[in-house]
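Student:
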Amino acid sequence: MNNGFHEPAHRARDLVAFLRERYAEQRRTAVEQRLQHWHREVAELNAKQAVVDNCERWSLMADEAGRRIAERSAAGLGVEPAEALEAARLDGCATAVIHVVATLALPYQRHPGYREAWRPPPGP
191 MNNGFHEPAH RARDLVAFLR ERYAEQRRTA VEQRLQHWHR EVAELNAKQA VVDNCERWSL
251 MADEAGRRIA ERSAAGLGVE PAEALEAARL DGCATAVIHV VATLALPYQR HPGYREAWRP
311 PPGP
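Per this note's numbering, the very first residue in the sequence shown carries number 191; after that it's consecutive.
(1) Residue 273 to residue 259, Cα distance in whole Å?
(2) Going by the C-beta, is residue 269 closer than 7 Å to any heavy atom of the ligand ZN?
(3) How about residue 277 and residue 255: are their beta carbons less than 8 Å apart?
(4) Do the segment 236 to 252 and the segment 210 to 221 meet, that is, are 3 or more Cβ pairs less than 8 Å apart?
(5) Alpha carbon to alpha carbon, how far is residue 229 from residue 205? Give it in angstroms, no decimals.
(6) Give me the Cα-Cα distance between residue 227 and residue 243, rounded to the nearest whole angstrom.
(7) Which stretch, first to last residue, makes up the alpha helix (DSSP H) that contains residue 287?
(8) Distance, Cα to Cα, residue 350 vs residue 221?
(9) Just the Cα atoms here: how many angstroms apart are residue 318 and residue 265?
(10) Please return the same chain residues whose Cβ sits closer than 7 Å to the Cβ of residue 310, not counting the five positions on each side in sequence.
(11) Report the three-state DSSP secondary structure of residue 201 (helix, strand or coil).
(12) Using a Cβ-Cβ cut-off of 6 Å (strictly less than) and excluding sequence neighbours within five positions of residue 306, which residues of its own chain qualify?
(13) Of the choices 312, 203, 301, whose alpha-carbon is the least far from that of residue 249?
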């Protein structure tokens, strides 16, 4: 449903799945090869994974808030300003986290599964 919002979860879903797969591969490689500092590498991957997981969470919350507003509007019900403001805040937060996750995906841009659409826009 096009609810006027960007539907962050839709934008983030494939990118989140892509990064989860890459991080799982890297963890396996670090452990299998018993890299010198594999504990540190796994800890770093786990920290990145937490950002990816938060991206999914923020995106889903933003989508749900946008859906609630769209449903209320379609039913002819009013939308409280605080509810609209919260939906916009969630959408903005989700968009920012998606940008961070897209930046985390840049090292994998040569991977065959990487999509050019994930590339973050150039900075200022």
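Glycine included, each C-beta is placed from N, C-alpha and C at the ideal position.
Tutor: In terms of the structure at hand:
(1) Between residue 273 and residue 259, the C-alpha separation is close to 8 Å.
(2) In the structure on display, the ligand ZN does not appear, and there are no ligands present to speak of.
(3) Against a cut-off of 8 Å, the Cβ pair of residue 255 and residue 277 comes out as a contact.
(4) Counting Cβ pairs under 8 Å, three or more are found: they touch.
(5) Rounded to the nearest angstrom, the two C-alpha atoms are 26 Å apart.
(6) Roughly 24 Å separates the two Cα atoms.
(7) Per DSSP, residue 287 belongs to the alpha helix (DSSP H) from 271 to 295.
(8) As displayed, the chain neither begins before 191 nor continues past 314, which places residue 350 out of reach and without an answer.
(9) Because the chain is modelled from 191 through 314, residue 318 falls outside the range shown and cannot be assessed.
(10) The residues 289, 292, 293, in chain order, have a CB closer than 7 Å to that of residue 310 in the same chain once the five nearest residues on each side in sequence are set aside.
(11) DSSP places residue 201 in helix when its eight states are reduced to three.
(12) None.
(13) Checking every option, the nearest Cα to that of residue 249 belongs to 203.
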